Amino acid sequence: MNKTKSLFVKSSNFSKSCILCKDDSHSLHKCDQFLHFSPQKRYETVRENHLCLNCLGFHKVTQCKSKHSCFHCKARHHSLLHRPQLHIVNDDSSPSLNTSSTPADATPDTSSLSNASPLTSCFVTQKKRVILATSFVYVLDKSGSIRKGRALLDSGSMCNLMASDFANTLGLKKEKINIPVSGISDTAFNAKRKSTGTILNSDGSFSATLDFLVIPKITDLMPSTSIDLEEIKIPSYVKLADPNFYSPAKVDLLIGAELFFSILKGNRLCINISLILQETVFGHVLSGTVEGKQEIQHCGLISQVENLDNLVKKFWEVENITDIPTSKNKEELECENHFMQTYRRDKDGKYIVSLPLKENIQLGNSIQIAKQRLDSLWKRLNNDSSMANLYCNFMKEYEELGHMQKIDNSDNLKYVMPHHGVYRADSSTTKLRVVFDASAASTSGVSLNNCLLKGGVVQDDLFSILLRFRKHQVAFTADVKKMYRQIWVNPNQCNFQCILWKNRSCEEPSLYKLLTVTYGTKSAPYLATRVLNQLATDERKEFPLASAVALKDFYVDDVLSGADNVSSALKLQQELISLLKAGGMELHKWCANNEMLLENVPTKDQGYQFGDSDKDTVKTLGLRWNPKEDCFNFTITPSVSVPTKRTVLADIAKLFDPLGFLGPVIVKAKIFLQKLWLQKVEWDQELPHQEKVKWETLRDCLNDLTNVRIQRYILTDSIKLLELHGFSDASKDAFGAVVYLRCVTILNHVKVSLLCSKSKVAPLKSVTIPRLELCAAELLSKLISKAVSSLNLKIDKTYLYSDSTIVLAWINTSPHLLKIFVSNRISRIHELTKDFSWHHVKTSENPADIISRGMTPQQLMDNSLWWNGPQFLQQVTVELSDKNDIPTDDDYLYELKEESDKTLALTLDSTFLDSLLSISNNYFKLIRVVSFLFRFVNNSRNPKSKLDGPLTTMELQRAKLFLIKSVQKIAFQDNVKLLLQGKQPSGKIKNLNPFLDDNGILRVGGRIQNSSVNFDQKHPIILPDKSNFTKIVIQYFHLKNMHLGQQNLLYCVRREFWPLNGRSICRKIVHSCITCFKAKPLTNDQIMGSLPKERVNVNSPFNCTGIDFCGPFFIKYKGQRKGIYHKIYVCIFVCMVTKAVHLDIVSYQTSEAFIACLKRFFS
């Protein structure tokens, strides 16, 4: 009986047509356009068309009858809509949100993310592998083209690094340095080169110019081994900064903490609990850990340091004569443009400036560290009431003057600076100086100074200002009162300059913002000096004299200037006061060598009073100046403690002498310190006895420097002739230069004044005296050039002197004829002294001889040659002695380049090969020589398509075949002709079945044509036995294969060549090799002694017997199951005649046991 089936039929609401391309041939989940969408785009398309998220049908997901779900996460959505589970990480360390519940929640709202915390590049584990953050960056090369490099982003590095091969590829200019870079466990290496490069991202929206230390290798391949990508699910819409992060590759750059936090963006995505995707300007970087074993641990903690020893070396090794650079770098230009666009003046004439902030600054919370520092400060103040009173008064004055303002609302707080005091109770002027620390790092690891541009130097250096100060007959000095605090900061940026303060340690601290340029910020010196220059420029028409002085004679806030007479000086003084007043500034601490300049100055603003007997000198930019006597003097108080290297350096450093008045004394101290350095005495170790006595003698003499007086004014009245005379000299210990100014009046009175001097100690590496004399001449060239540009006087003539005829001859020689060391320095001398004349001077009349050898203070005070120059300068007419004879000294001739005639000749005779083989016995070198010959011929014939760069494999192979063919053509000339005629060859090679290959090379025929070895092994190249080339080839294989023996060497050679009589040649090569001979020395065999008569005469067996024992042996008696082992010995009886042996067991090593054994033997 058939059963009736009931069917329920319902119309389907699933459309087979695609809603995107309107094609009935496929559904949506098979549409190519839909499949190319990102998961987010697919989800949006489904929602816009009101489709089911689970089956993509025309119904709601709650009505979906499909039993299928996402095969990735088993959730109720289509597999094409699945996205990886992402955790959003916020700065407030809130719990991660698991976003896998619904497709909508799976999309992170990256726009709300705040700044990410720093990535770390140091992780130590044995069960997990660490992925470090790497990125591809673009770097500008020397031509402006963009080169791609791989960078390691390292927040633990204080410096940026660049691999030397990458720097060579870029062609960037390298600067010589010697900076130690330290790492873990204080390991350090010295970076020898530094380069500046500009990095960009792929779209050019970000660029930064950084200083890189150039080192041979930054690290090993990153990562060390490949990473399995199956464990890492990276969303397809994420753009990686390094798409090949999983594959080991070389690191070209290391970008340190200087730029690290500037390149980070706000978005950070967690792939899983241990992997993070951090967004940067270069794209997303991946860091964290994955499963796996990592044998080598890498740490990115790198610190750029300059240790104390290297810093002190500069004291006696180099005394540079610096010039203010005429061109500005990119940061200085940016800072200058920022100042010109943002500065303005208020109604009182005061300047308002903006802080030159960098882009993309990321300052964190800094108030906590400021509170901690303030508490530590008050612990100190509670122990010192004097310092506490001064500190409180300073802060009170700061607020009363309106230079800081209390803040009630901290919503817009940007940065809070810690501060501390430098207290000097013995100071007569400023006992307490408050320092604001803008370098304190915030919670993001970035400080305010990290976010500020430094700006450049906009004033002349100290040396130039002091030189000009000596040319004024009426001189004065002054100081700008609270210079930094007379310049307002843009009110919108004052929240970057906040501090905490409380008047008592028990109070709660209050928040203040500083309204003026603040000492301690990186840009403060630039802003203050730049405002002073701008003030001089703005008020130039109103105050022309003061404007020129403000631009040239100010060193930060100190002015050193003057005029030719009192009236001019008074006018200049009034203009300066008015000029500074126009900018809201005030001059005080006035000092002058004429009382009239101080009459109109209030007593409180005077830094010196002629009637004050307690204070006869004032400090002027580090120098002691006596305005009444108008002279410089020196005051030094050497330490009386036990002499150590530290105290010696401290005493020498007290000799601050920028113009070199005490050059002979200082160079003597430098020489002593250098010799102390060579003995490797520790810093706090007491000096050896001999050095201790020398130092105490020199130290006691330093007190005599208080009697030295140097006249400040170097000119005179009614000058008709003004000349500069410079002298140079060198000794084995040091070299130096000294310059004098010579004035001749209309009455023929002559005045000669010591202007300046410089010195350097001789290098530790031995250098010839003529070369040191040349270094002294170069130093004089730099010094005289600096003096001429600084004095700004009309110099009629300039004369330069040296007592070395060799140096004068070099100066009169064209640099291209000299060797590198001398040539470079002569070129520099010609460049600096092209308008001056060089002359010879006797050693006895050369004042530079004093500075090159050193002198004690007592000797220096009475030395007329040093203070007044040689006697011939005192004459009205200077008679110069010139020695233009070319010296024949070996030192002079040694520095001349060897002249050789270069001739190109083409030879076609048979001796060419012999000449070529005589160049070298190195097989590979011969091939390279011939390769370069062929390249020269090719480039000569084809100048439009020249070959350059390293030799290619094709060029080397061509040269090799040429050499082989040339050798065979000479040795097998007749046989080659026979083979070309189709006839059989004769002689030694007949049995080798030779043939000519496609290149005309004679090879062995043999019987192994059908073997699978390469062509060279099947058909080796035949080499003659008497050719020098054959020996060179075999020697090459002998050395290449680590000095093989005769048989192995022959085997290696025959894999490519078949030398006739090869075995004999290989034996000779091995036998003549010195290395092989040393490794296989001859041994001396000991001569054996005569045999005893018992061994050599006929006798009965065992008539003469030798006896010996051996053992012990351990036995167990028969039938004994658990007994202990018993010790026995074996007695050996050896017949002296027949060598027969009899063995017997002995139970003990006693006489009785042996006698029993002997009786058994007898029986």
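Using this note's numbering, the final residue of the sequence shown is 1163, and nothing's skipped along the way. Backbone N, C-alpha and C fix where the C-beta goes; we use that ideal spot for every residue, glycine too. Keep in mind the model is a prediction, meaning the values are calculated, not measured.
My output table needs one value for residue i: the three-state DSSP class, helix, strand or coil.
i: F543; result: coil
i: Y1174; result: Past the boundaries of the shown model lies residue 1174; the chain is included only from 1 to 1163, so the question cannot be answered.
i: E295; result: Note that E295 has pLDDT 43, beneath the 50 cutoff, so the model's placement of it is unreliable and the number below is only indicative. Correct three-state label for E295: coil.
i: D614; result: coil
i: A569; result: helix
i: R825; result: helix
i: I19; result: coil
i: C494; result: helix
i: Y923; result: helix
i: I271; result: coil
i: H588; result: strand
i: K41; result: helix
i: V681; result: coil
i: K233; result: coil
i: S864; result: helix
i: N13; result: Only weak support exists for where N13 lies, its pLDDT of 44 falling under 50; the value from the coordinates is given anyway. The answer is coil: DSSP assigns N13 none of H, G, I, E or B.
i: M1042; result: coil
i: E686; result: strand
i: S790; result: helix
i: S757; result: strand
What does DSSP give as the partner residue(s) for residue i in the beta ladder?
i: N160; result: F212
i: H284; result: L240 and E279
i: E175; result: K194
i: G520; result: DSSP lists no partner for G520.
i: F1113; result: I1128
i: H82; result: BP columns for H82 are empty, so no partner.
i: W810; result: BP columns for W810 are empty, so no partner.
i: L432; result: Y423
At which residues does the alpha helix (DSSP H) containing residue i begin and terminate?
i: Q1168; result: Any answer about residue 1168 is impossible in this case: the structure gives the chain only from 1 up to 1163.
i: E723; result: Where E723 is concerned, there is no enclosing alpha helix (DSSP H), although the beta strand (DSSP E) it sits in stretches over I719 to A730.
i: H59; result: Neither: H59 is in no alpha helix (DSSP H) and is coded neither H nor E.
i: K1018; result: F1015 to K1018
For the putative contact between residue i and residue j, defined by C-beta atoms under 8 Å, what is the C-beta separation to the nearest angstrom?
i: V1134; j: P1101; result: Actually they do not touch by this definition, with Cβ atoms about 11 Å apart.
i: C1066; j: H1043; result: Contact flag wrong, Cβ pair sits at about 12 Å.
i: G283; j: L275; result: Between L275 and G283 the Cβ distance is about 16 Å, and since that is not below 8 Å, they are no contact.
i: L722; j: I806; result: Their Cβ separation, rounded to whole angstroms, is 31 Å, which puts L722 and I806 out of contact at 8 Å.
i: Q1111; j: I1128; result: It is worth fixing the name first, because residue 1111 is Gly in this sequence and not Gln. Indeed, because the Cβ distance is near 7 Å, the residues count as touching under 8 Å.
i: T529; j: V556; result: 6 Å
i: W488; j: I352; result: 4 Å
i: V1070; j: G1062; result: With 8 Å as the limit, V1070 and G1062 do not qualify as a contact, their Cβ atoms being about 12 Å apart.
i: S790; j: F463; result: 7 Å
i: K454; j: S523; result: 6 Å
Name the two residues that bound the continuous beta strand (DSSP E) containing residue i.
i: S966; result: S966 -> not in any beta strand (DSSP E); alpha helix (DSSP H) instead, spanning T953 to A971.
i: W1058; result: F1057 to P1059
i: G562; result: D558 to A563
i: Y1169; result: Missing from the structure shown is residue 1169; the chain here goes from 1 to 1163 and no further.
i: T134; result: T134 to L140
i: A151; result: I146 to L153
i: G736; result: A734 to T745
i: K64; result: Per the sequence presented here, residue 64 reads as Cys, with Lys not at that position. No beta strand (DSSP E) contains C64, which DSSP labels as neither H nor E.
i: V130; result: K128 to I131
i: H840; result: S837 to H840
Contact the stretch 172 to 180 vs the stretch 190 to 197: 3+ CB pairs below 8 Å: With a cut-off of 8 Å, the stretch 190 to 197 and the stretch 172 to 180 count as touching, because enough Cβ pairs lie within range.
Touching by the beta-carbon criterion (3+ pairs, under 8 Å), the stretch 776 to 783 and the stretch 695 to 707: Touching, no.
At least three beta-carbon pairs within less than 8 Å, the stretch 361 to 381 to the stretch 553 to 567: Segments in contact, no.
Three or more C-beta pairs below 8 Å linking the stretch 855 to 868 and the stretch 663 to 674: At 8 Å Cβ cutoff, the stretches touch.
The stretch 614 to 625 in contact with the stretch 684 to 693 per 3-pair CB rule at 8 Å: Because the criterion of three Cβ pairs below 8 Å is not met, the stretch 614 to 625 and the stretch 684 to 693 do not touch.
Touch test, the stretch 342 to 357 against the stretch 218 to 230, Cβ-Cβ under 8 Å, three pairs minimum: No contact exists between the stretch 342 to 357 and the stretch 218 to 230.
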